[in-house]
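Undergrad: What follows is a structure written as structure tokens; I'll ask about it next.
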Amino acid sequence: MKQVIKYISIALSIIIYFSCSNFEDINTNPDASTKVNSSLLATGVISNLVKPVSMYNFTDHLFVSMYLGWGEGTKGEQYNNFGRINFDKYTLLKDCETMAELAPDDAKNAYEGLGLLIKSITLFNLTISVGDIPYSQILQGEEGVFTPKYDSQKDVCLHILEDLETAYSKLSNATDFEGDIVYGGDSKKWAKVVSAFQLRVLINLSKKATDQDLKIVERFKKVYDTGLLMESNTDNLQLTFSDKAGQLYPINSSQYQHWEYPMVSDFMIDILKRNQDYRLFYYAKPSQIKLDEGISSNSWDAFVGVDPTAPLAEIKSLFAQKACSGLNARYVSYIPGEPFITLGYAEQNFILAEAALRGWINGDPNEFYKRGIRANMEFISKYTPDDITYHYGHPLTPEYISAFIEKESVQLTGSLDDKLEKILEQKYIAAFMQLPYQPYFDYRRTGYPKFSINPKTNMNFNAPDKIPVRWKYPEVEISYNKANLEEALQRQFGGSDEINKLMWILQE
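Under our numbering, the first residue of the sequence shown carries the number 28, and numbering increases by one thereafter.
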């Protein structure tokens with residue numbers, strides 16, 4: 028794993044970050060020398076955090092979570108063909124460390140807190156994908172550690188929770204800082220992000236709620252009772268797009284030639300139809316076949332989903348016939364698209380609703396749940412022109428939103444499991460085209476939403492009646508860090524790097 032832990036030159040990192048992104052306008056005086064500083068590094072690491080993967084791969088996570096089907100060729104993610112992840116994000120951590128080291132005294136808290144937050148997000152996303160990962164020995168190349176050991180997932184989570192507490196303490200007591208492309212250097216906004224991410228980590232540890240070392244419920248309650256929390260969509264950690272070169276929404280048709288192939292799943296469309304949810308008219312477009320039959324574009328009957336688990340030949344035939352609903356024009360034709368959310372206010376409320384339902388915090392689960400729905404609908408309305416092209420005559424008005432959250436079919440009723448299913452179903456709807464892989468992680472942890480599985484097309488060959496629960500480790504680890512990888516695999520899974528093995532976080 029030499030490329031993961033060896034020293035990455037700061038100059039090279041700046042080139043990598045800024046040659047690949049036009050989201051930051053950096054004006055350099057050609058007569059002055061360019062000096063790497065905390066501000067420049069902050070711009071790079073924040074951009075790396077919030078910028079989605081580019082174009083063709085942008086939709087991959089949407090297949091894993093059964094939002095979409097693909098009308099051309101095989102998308103492995105659609106059929107649960109889980110491969111290997113990479114550890115490329117480890118290189119980001121060196122810049123986080125250097126950003127803190129170079130920080131001026133008056134901005135030390137801000138840059139140190141930001142670095143710890145990004146480190147925590149990066150490593151949690153890795154461990155939740157595979158299991159044990161290198162943690163305690165990373166970034167020690169200068170000390171001669173080129174093959175870092177793998178720390179247990181429990182230890183990694185403990186370190187992350189401790190780092191997040193430190194990050195919150197620093198950011199909540201920090202001055203504003205330079206180089207921030209999201210919040211303009213507002214440290215308090217970043218403190219809210221830390222709190223929201225703490226809640227995400229803790230809810231993902233729900234199966235470990237009784238662990239005496241982790242103290243999940245105690246930590247959650249402390250964040251909720253004393254932390255700065257997101258208060259509205261203006262606190263979202265999100266990236267906004269525009270019509271400038273390099274700043275278009277990732278799948279805008281002017282730069283993305285595959286824009287026609289995604290079709291909205293019947294799983295998603297059926298949920299929206301069941302509750303007469305106007306978000307259907309913002310997420311999808313009518314089936315051309317239904318329009319040709321004379322059905323109006325503003326009719327619920329004009330929207331037809333594709334079964335993403337169907338055989339490829341069947342899906343390709345439906346695509347050729349234009350039988351199913353593609354993505355709404357606001358994703359492929361409206362230049363700014365919508366902001367891409369990495370962590371947001373709606374998600375925070377659904378997490379709080381689940382926590383209240385579990386008895387972790389005081390409060391009514393219904394209130395958090397309704398706030399989450401409202402926040403998502405208001406977000407969609409705010410970033411979509413009030414034009415029939417984008418909502419087919421079904422605008423998300425304040426009156427509609429208020430009426431929707433009081434619908435009988437939407438209320439939290441029944442058993443605890445019934446209520447949990449509704450919370451996670453609405454959380455799922457709100458994450459459409461956002462929050463990569465979070466709905467899959469919820470499904471893996473709780474069984475909700477109830478994704479359908481087709482054993483005949485499932486490429487999870489060792490367990491065709493199941494969706495995989497993890498990805499495999501990077502190939503490069505076999506070449507450069509084999510002994511430590513094999514030790515971690517033996518400790519966790521009896522030596523097998525297999526996609527159906529339960530990592531610690533999922534074990535009861």
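The beta-carbon is built from N, C-alpha and C at its ideal position, and this holds for glycine as well.
Quick check on this structure: which residue in D178, F406, I388, G386 has the alpha carbon closest to the alpha carbon of E374?
TA: Checking every option, the nearest Cα to that of E374 belongs to F406.
Undergrad: Classify S147 as helix, strand or coil using the three-state DSSP reduction.
TA: Looking at S147 - three-state DSSP - the assignment turns out to be helix.
Undergrad: Can you tell me whether Y372 is buried or exposed, with buried defined as 16 or more other CB within 10 angstroms of its CB?
TA: So Y372 counts as buried.
Undergrad: Among the residues of its own chain, which have a CB less than 6 Å from the CB of W286, if the five just before and after it don't count?
TA: Excluding positions up to five away in sequence, the list reads I278, S280, V359.
Undergrad: For S92, count neighbouring C-beta atoms within 10 Å of its own C-beta (all shown protein chains included) and say buried if the count is 16 or more, exposed if not.
TA: Per the 10 Å Cβ criterion, buried.
Undergrad: By the DSSP assignment, the beta strand (DSSP E) with F367 in it spans what residues?
TA: Its beta strand (DSSP E) spans residues 367 to 370.
Undergrad: Quick check on T202 - is its C-beta less than 8 Å from some C-beta in chain D?
TA: Looking for chain D here will not work: only one protein chain is present.
Undergrad: DSSP on R398, reduced to helix/strand/coil?
TA: The answer is helix: DSSP assigns R398 an H, G or I state.
Undergrad: Kindly list the residues whose CB is nearer than 7 Å to the CB of M193, restricted to its own chain and excluding five residues on each side of it in sequence; keep chain order.
TA: A quick correction: the sequence has Thr, not Met, at residue 193. So the list reads L143, once near-sequence residues are dropped.
Undergrad: Please report the straight-line C-alpha distance between E170 and Q164, rounded to a whole angstrom.
TA: The alpha-carbon atoms of E170 and Q164 are separated by roughly 10 Å.
Undergrad: Measure how close the beta-carbons of I160 and D132 come, nearest whole angstrom, since I'm counting them as under 8 Å.
TA: The pair is not a contact, with the Cβ atoms about 33 Å apart (cut-off 8 Å).
Undergrad: Would you kindly work out how many angstroms separate the C-alpha atoms of Y417 and F330, rounded to a whole number?
TA: Approximately 14 Å between the Cα atoms of the pair.
Undergrad: Okay, do the stretch 470 to 482 and the stretch 447 to 462 touch, 3+ Cβ pairs below 8 Å being the bar?
TA: Taking 8 Å as the limit for Cβ pairs, the verdict is that the stretch 447 to 462 does touch the stretch 470 to 482.
Undergrad: Indicate whether V291 and Y309 have their beta-carbon atoms separated by less than 8 Å.
TA: It is not a contact, given that the beta carbons lie outside the stated cut-off.
Undergrad: What does the alpha-carbon distance come out to for the pair G206 and D414?
TA: Going by the C-alpha atoms only, they are around 36 Å apart.
Undergrad: List the endpoints of the continuous beta strand (DSSP E) containing M290.
TA: Its beta strand (DSSP E) spans residues 289 to 291.
Undergrad: Since W97 is in the alpha helix (DSSP H), which residue starts that stretch and which ends it?
TA: Careful: W97 lies outside any alpha helix (DSSP H), inside the beta strand (DSSP E) at 95 to 97.
Undergrad: If you draw a straight line from the alpha carbon of L339 to that of V172, how long is it in whole angstroms?
TA: Approximately 47 Å, taken between the alpha carbons.
Undergrad: Where does A311 fall in DSSP's three states?
TA: DSSP places A311 in strand when its eight states are reduced to three.
Undergrad: Go through its chain and collect everything with a Cβ distance to T424's Cβ below 8 Å, but skip five positions before and after it.
TA: The answer, listed in chain order, is S408.
Undergrad: By a C-beta neighbour count over all protein chains shown, 10 Å radius and 16 as the cutoff for buried, is Q519 buried or exposed?
TA: That one is buried.
Undergrad: Going by beta-carbon coordinates alone, are Y305 and Y410 separated by less than 8 Å?
TA: No, the Cβ-Cβ distance between Y305 and Y410 is not below 8 Å.
Undergrad: What alpha helix (DSSP H) runs, 4 residues minimum, are completely inside the stretch 226 to 294?
TA: If we require 4 residues or more, the alpha helix (DSSP H) runs fully inside the stretch 226 to 294 come out as 243 to 253.
Undergrad: Compare the C-alpha of S436 against each of R246, L119, N302, V183 and name the closest.
TA: Closest by alpha carbon: N302.
Undergrad: For G353, which residues does DSSP report across the bridge?
TA: DSSP lists M290 as partners of G353.
Undergrad: Since L76 contacts T369 with CB under 8 Å, what's their CB separation in whole angstroms?
TA: Indeed they touch by this definition, with Cβ atoms about 6 Å apart.
Undergrad: For the putative contact between G140 and K197, defined by C-beta atoms under 8 Å, what is the C-beta separation to the nearest angstrom?
TA: The pair is a contact, with the Cβ atoms about 3 Å apart (cut-off 8 Å).
Undergrad: Go ahead and label W97 buried or exposed: buried means 16 or more other beta carbons lie within 10 angstroms of its beta carbon, across all protein chains shown.
TA: Burial call: buried.
Undergrad: Buried or exposed: which applies to S326, given that a residue is buried once 16 or more other Cβ atoms fall within 10 Å of its Cβ?
TA: Exposed, because fewer than 16 other Cβ atoms sit within 10 Å of the Cβ of S326.
Undergrad: Taking S74 as the reference, which of S352, L264, G254 has the closest Cα?
TA: Checking every option, the nearest Cα to that of S74 belongs to L264.
Undergrad: So, using beta-carbon positions, are V72 and D115 closer together than 8 Å?
TA: No, Cβ-Cβ distance for V72 and D115 is not below 8 Å.
Undergrad: Are the stretch 455 to 475 and the stretch 227 to 247 touching by the rule of at least three beta carbon pairs closer than 8 Å?
TA: Yes, they touch.
Undergrad: Skipping 5 residues on each side, what residues in its chain have a beta carbon closer than 6 Å to that of L89?
TA: Contacts found: L95.
Undergrad: Please state whether DSSP places D207 in a helix, a strand or coil.
TA: DSSP places D207 in coil when its eight states are reduced to three.
Undergrad: Is the stretch 240 to 256 close to the stretch 344 to 352, with three or more CB pairs under 8 Å?
TA: Because the criterion of three Cβ pairs below 8 Å is not met, the stretch 240 to 256 and the stretch 344 to 352 do not touch.
Undergrad: So, for N54: in the same chain, excluding its five sequence neighbours on each side, which residues have a beta-carbon less than 8 Å away from its beta-carbon?
TA: Confidence at N54 is low in this model, with a pLDDT of 37, below 50, so the placement of that residue should be treated as unreliable; the coordinate-derived value is given next. Correct list: empty, nothing qualifies.
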